Each structure stands twice: as structure tokens, then as C-alpha cells.
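Residue numbers (the working numbering), protein chains in the order written: chain A, 2 to 359; chain B, 2 to 359.
All C-beta atoms, glycine included, are put in the ideal place defined by N, C-alpha and C.
All values derive from a computational prediction rather than experimental measurement.
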Amino acid sequence: MSAYRGKYADELIANAAYIGTPGKGILAADESTGTIGKRLSSINVENVESNRRALRELLFCAPGALQYLSGVILFEETLYQKTAAGKPFVDVLNEGGVLPGIKVDKGTVELAGTNGETTTQGLDGLAQRCQQYYAAGARFAKWRAVLKIGPNEPSQLAINDNANGLARYAIICQENGLVPIVEPEILVDGSHDLNKCAEVTERVLAACYKALNDHHVLLEGTLLKPNMVTPGSDAPKVAPEVVAEYTVRALQRTMPCAVPAVVFLSGGQSEEEATRNLNAMNQLKTKKPWTLSFSFGRALQQSTLKAWAGKEENVGKAQAALLTRCKANSEATLGTYKGDSAVSQDASESLHVKDYKY
Amino acid sequence: MSCYRGKYADELIKNAAYIGTPGKGILAADESTGTIGKRFESIKVDNNEENRRALRELLFTAPGVLPFLSGVILFEETLYQKTAAGKPFVDVMKEGGVLPGIKVDKGTVELAGTDGETTTQGLDDMAKRCQQYYTAGARFAKWRAVLKIGPNLPSQLAINENANGLARYAIICQENGLVPIVEPEILVDGSHDIDRCADVTERVLAACYKALNDHHVLLEGTLLKPNMVTPGSDAKKVAPEVIAEYTVRALQRTMPPAVPAVVFLSGGQSEEEATVNLNAMNKLKTKKPWSLTFSYGRALQQSTLKAWAGKTENVKKAQENFHGRCKANSEATLGTYQGGAAGSEGASESLHVKDYKY
């Protein structure tokens, strides 16, 4: 059998391509209830539904922000929430030319016999859930697989199982009208150098694309959400141009050009770092037959969250902070970011949390 | 481990890129002694070393031909032969800006338990042989794996075995300075349609690139020699534009952009068909981050052989004919071929031989 060619094929291709529109990218606002709780607690805000709703309204209604976004990833609760005035968030996004997306995995579980490696669960009843999400307005999905670098990691088992899980998730999404974002995150934790990260990334991506081919996934209707290739969090940093070179080379070596776009995760990078690295990639003169864009969570929201601090009177200021980061990252997708946005203390703050789970 | 980064890395990358120079391609003149014998039989020429030498001299010294070629694949005997005036063929090529290549496989053997499927042998002492060939002037190599389409074919075993063999061959070549041409030929024999050929081609190419990644092959220093995606030999033909679309799409879905060029095999296509199909691919407006060129044997030599017929007095005419085909294919790599190349009677003659072995 060839790749998926069912009733959603054309729509998947059109939506995947739209998400990769130069100048646009994804806001990852799909923090689970537990994870958003940690964010809210860092600004002394209570983790209740109304606060979670208020935060997301602040983000989605920030004046001028939506033009820089092609998609927003949501947590299930948010997909069904509305503005204070009663307008569904999904409508706000659609009117702003932004595709709603939905996180569909159910977190990680440990693989027995490994050194703390994990696989991701969420396949049970996934088809039905995708249908419900599509009916609610979602047009793309996200599933995060996690791998780590160590003396004997990632193991072949971890690579195979995570790649297989991603491929099963991807084809089920396509059969139900959602563009699957394939996210094989290799954690930045560790003292390994850039070369080690490159090797592992290339091995993992090759395994992913083999699995996607085995499972008959239509690559033109998918997106990739990989880590950038960087030194480990405990190793000396390198220049954005070096991150760009190694990252793009890893993609050249593993990702078929049928995939329309890459939407990088920010890992533990600060807002400014993530933007600069993405910008450097788009300035690189080399073969790049796919759009290179962003799917940032912390790296888009950090200073916005701090500016808000849960207070109504800060909403305007917080929305301005979000607009700044959105515009900066939009420029980064075009390679025109000059770093002239007010580089706040917060924007340079590392957002690395060891062994990050969300 | 990441991919090969040994002493030949830069040279491999440079030579692979050179072979993909727009306007140039490869002459496959590596017919084994047995196979060239069949060609000679068809024009009533004795199969002895002198005649084999004379034919190759005719080809390599044809006026104006070498500028259209970036490489010539040779059989071992030819690598050490000279012109009648005593100049080594290897020197003739080098002076003409053409890289000498060498066929290194030792033919196919059947896989037990399959329906006549095969794998390719030749790995024993390959490193030593590559070193000898490099010393003799070779800078690239070729290894032909063969698969066929049938109700239950190709089998997973055949795909895995052939992909693994190609990957082992490829890394050994690179360790010894030769750019490996990876050739997973899916025979055109059969009554299947173009969709079936596309499915199988995508599956086979995905397996090849996974194997190459597993074996740490430096993709930037390789070339791919695939079949075009066409209907089977017993099925209805389609237009060149359709072949172009399906072929390029198969490559977009499976071949990472790090590979600098594709050098198509001609299979059983006539000289004109092979040129026109290649031309259509280069006219196609779509993502093509690799050169698309030729590595033709029969489709470059057929009418030239006939014109020569083994007679010295025909050499000039035969060389003019050969020039016409080389020029036509050079134009095809640029998408500028207008048709009607140098009056080759028989240029449209199908060269299909069932279950071709050479």
C-alpha cells in the first residue's frame, strides 16, 4: 500500500502547507492542567479553570498577535473554552486565520529494563477522540515522544518504540482529518557536545521517517517538531550560526522534502536564544526544501506570563510582550530578525528544567 | 556513531557533487564480458578483448562527447585498457573532465524460499578491491541490487537483504575513497500499473535510506541510481509528464536532500523514451533539491552499436550518432530537449529484455 490517500488527503496537504507559511508559526499553548499549574504557581496565581481560561484569552486576543501565527496547539479543556464575552476560542482563532490544534498524547510511561527511558501513550480510542476534536474545530494534532542522551541512551528499544508510536498516532490522525505534528524530542539535558546531539538526532529522525513510511503516512500532510541540534545543557554553548548549521544538516540527512515544514520546539532555550537560533537557520545558504518555523511554548510565553502576574490591570502590558515575541519569531522565519526588540531580562532567561515533563 | 567523516570525506562530497553537474551525466559502459558478448552477437561481432577495447575507444574518444559526461562506469577489464595509440582510458577520461567509475558487485544469487528473488554478492575483500581501483584511477563505484514486482513481491526479505547489501557496499567504498552509486533497480517486467510501481519504489527507497543511515554512510558523498516510476512492461504506457510526476514524488517522499544527485537507470526504455522522460522531470515545477540526471547504458549506446557494426569504416558515423545521444541527454538534464536527436534510426526501439541480467 502507498501513502494515505483517503478523503482528507487534500485538506491535510493544504493545512500542513498553511502552517508552514513563511512569516508564521505555532504558539504551543497546550500545557496540561498539571503543567500550567507550575507556571501559574511561579507567578502566584491559583490553578483554577477561570485563571487558565483568562490566560489563554489574554494570549489569543492579544492585539496584532494572530497575524504572526498559523496555528495554536491547545489542551483539551481549552478547545471547548470561550472568551469572557462568550465567543469560543476556536472561533477567535479561525477568524484570525489561525488553525486550532490539539495535544492528543497522554504523557509518558517508563520502558522496563531501560535506564529511565520512556515511551508515550495515548493510542487507545485515538480515532474516536480525533473525530471529536475535528468536530470541535481542530485541524492538527500533536504527540510528544521523549528521548534522552546518555552513555547508553537512547537505546534501540526507546528509539524503535517511540518512532512506532509516533507513526501509529500520525496515520490515525490523518484518517480523521488532523495534520499530525511528529515530535521526537531529544532532551537537552546532559554534558554531551554538539556532535553527539547531531548523531543522535540523525539516528532518531531516520528511524521516525522509516516508521512513517512503514505505516503509510502521507508525508505532505505532516509536520515535524524536532529539537534543534545543540550542545547539552551542561556543556559550553555555541553560536547560533553553528546551531543552525548542525540542525539544518541533520534535517538534510534524514527528512524527505515531501514534508512541507519544520516547527521547532524550544526545549529549555530562553525566548531570545530560540528566536536567534531560528533566525540563523533561515539565514543559512544551503538546501532547505522545507519551511523552518517555530512551535514555541515557554519561549513565546515566559515574559508574557511574568508581565501578567495574574492581574487584570497587567493584561495590556502582557499582551504587548507576547506581540513582541510573536513578531520577533515571525521575522526569524524570514531570517530578518535584528534582535532590536526590547530584550528584557526575562527574554534572556534560560527556561531549562531538567528532565522536563508537561 | 554519526556518518563517515574519515580522510576521504571532502573528496567524496566534491566528486558526488561534480557527477551531478547540470548538463552532465554518466555513461554506463560496465557491461560484463558475458553481457557485452550478447550485444556483440546482435551486430555479429566477435567477443574478444580487442573488440571490447575498440568499442570502448570508439565511445570515449568520440569528438565532443566528454563535455556531456561527468562519469563513465567501467568493467574491471576496461579500467586497465588503453587506446590503440597506447593512452590509458583512465587518462583520456581525466583529461576530458570525466570521473572513471567501476562496477564492484559480483552479480545476483537467488534467495532461498522466495519466488525467484535475488540478492547481490561482492562484499568479500571489497575494501582491498576498492583500494586497487582507487589506485588505478577510479573515483566512484556501482553496485546493482535487483527487485521485482509480483503479487507478493518484493518480499520483506528481499527488500531488507538488498538494502543491507547496498549499505555495506556503500560504507566500504567511502572508507576507500570511492563515491558509491546506490542502485536498487525494481525491474519494469510485469503488468502492474504506475501506482503499484510508485508504492514499491517508495517502500524500497525508504528501506535503502534507513539502511544507509544505520551503516553510517555519508549521504552527501553518495548518488542514487533508481528506476523511473513507470507502468510495467506489459501495461499501458503513460505520458512522460506522468512518469516525471510520479518519479519525482517518490524521491520527494524518501530521499533526503543531502544526496546531491539522482542518476537514473534506463531499464528497458528506448533511447528516445529515456531522454524524453528525463527531460520531463527537469521541466517539472516542484521541489527538487537534487540534480536529476542519467546513468544510461543501452539507452546511450544502442544505435551507436548498430551504426558501428564492428567495422572501422563506420567509426566516425557511430561516434557522431553517440554524440547526438549524449547531447540529447545533456539537454534533458536541463529540461531543454526539443526532440529529434541526431538521426538515430532505432532510437525509439524498446530495449526491454525480460528479467534482465548483466
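In this structure, the beta-carbon distance from A/A139 to A/L70 does not fall below 8 angstroms. Sequence-distant Cβ neighbours of A/G298 in its own chain, meaning closer than 6 angstroms and more than five residues away, are A29. Between A/A168 and A/D125, the gap from beta carbon to beta carbon reaches 8 angstroms or more. DSSP, read as helix, strand or coil, puts A/E47 in coil. Taken in chain order, the members of the region 288-302 of chain A whose beta-carbon sits within less than 9 angstroms of a beta-carbon on chain B are K288, K289, P290 and W291. Scanning B/G298, B/K286, B/G97 and B/L60 for the CA closest to the CA of B/V316 turns up B/L60. For B/Y170 and B/M127, the gap between their C-alpha atoms comes out near 8 angstroms.
Residues of the region 190-216 of chain A with a C-beta atom less than 8 angstroms from some C-beta of chain B are N196, A199, E200, E203, R204, A207, A208, Y210, K211, N214 and D215, listed in chain order. When rounded, the separation of the alpha-carbon atoms in B/Y338 and B/E332 is 5 angstroms. Sequence-ordered contacts of the region 239-266 of chain A with chain B read Q253, R254, T255, M256, P257, C258 and A259 [C-beta pairs closer than 7 angstroms]. Along the region 158-172 of chain A, there is no position whose C-beta sits under 8 angstroms from a C-beta of chain B. Secondary structure at B/K15: helix, using DSSP grouped into helix, strand and coil.
If you draw a straight line from the Cα of B/E50 to the Cα of B/A113, it comes to about 36 angstroms.
Interface annotation for the region 245-264 of chain B against chain A: Q253, R254, T255, M256, P257, P258 and A259, criterion Cβ-Cβ distance under 7 angstroms. When secondary structure is reduced to three states using DSSP, B/V354 falls in the coil class, being assigned neither helix nor strand. Every alpha helix (DSSP H) stretch that sits fully inside the region 30-97 of chain B and reaches 4 residues is listed by chain position as 34-43, 50-61, 77-80 and 90-96.
Sequence-distant partners of A/T119 (beyond 5 residues in either direction) whose C-beta falls short of 7 angstroms from its own C-beta, in its chain, are T109, V110, E111, L112 and V147.
Here the alpha carbon of A/Y5 sits roughly 22 angstroms from the alpha carbon of A/N161.
For B/R204, the chain A residues whose C-beta falls within less than 8 angstroms of its own C-beta are N214, listed in chain order. When beta bridges are read from the DSSP output, A/F265 appears opposite A/F295. Under the three-state reduction of DSSP, B/R6 is assigned to coil, being neither helix nor strand. Following the DSSP letters along the chain, one finds B/W144 in no alpha helix (DSSP H) but inside the beta strand (DSSP E) bounded by residues F141 to L148. The C-beta distance from A/N330 to A/L301 rounds to 7 angstroms, short enough to meet the 8 angstroms contact threshold. The Cβ of B/S43 sits no closer than 8 angstroms to any Cβ of chain A. Close partners of B/S267 in chain A (Cβ separation under 9 angstroms) are lacking, with about 24 angstroms as the shortest Cβ gap.
Within the region 3-30 of chain B, the residues whose Cβ lies closer than 9 angstroms to any Cβ of chain A are, in chain order, S3 and C4. With respect to A/A240, A/L213 sits apart: the two C-beta atoms are not nearer than 8 angstroms.
Note on B/Q303: 16 or more other CB atoms within 10 angstroms of its CB, so buried under the neighbour-count rule. Separation of B/T294 and A/Q122 (C-alpha to C-alpha, rounded to the nearest whole angstrom) is 45 angstroms. With contact defined as three or more Cβ pairs closer than 8 angstroms, the region 255-262 of chain B and the region 205-220 of chain B are in contact. Assigned with DSSP and collapsed to three states, B/S331 falls in helix.
Assignment of A/G108 by DSSP, reduced to helix, strand and coil, places it in the coil class.
Excluding five sequence positions before and after A/V201, the CB atoms of its chain that fall closer than 7 angstroms to its own CB belong to I150, P155 and I187, given in chain order. Per the C-alpha coordinates, the member of A/N177, A/G191, A/N153 and A/P152 positioned closest to A/A128 is A/N177. In this structure B/S234 is in contact with B/G191, their Cβ atoms being roughly 7 angstroms apart against a cut-off of 8 angstroms. Using a Cβ-Cβ cut-off of 8 angstroms, A/S3 is close to D196, A199, D200 and E203 of chain B, given in chain order.
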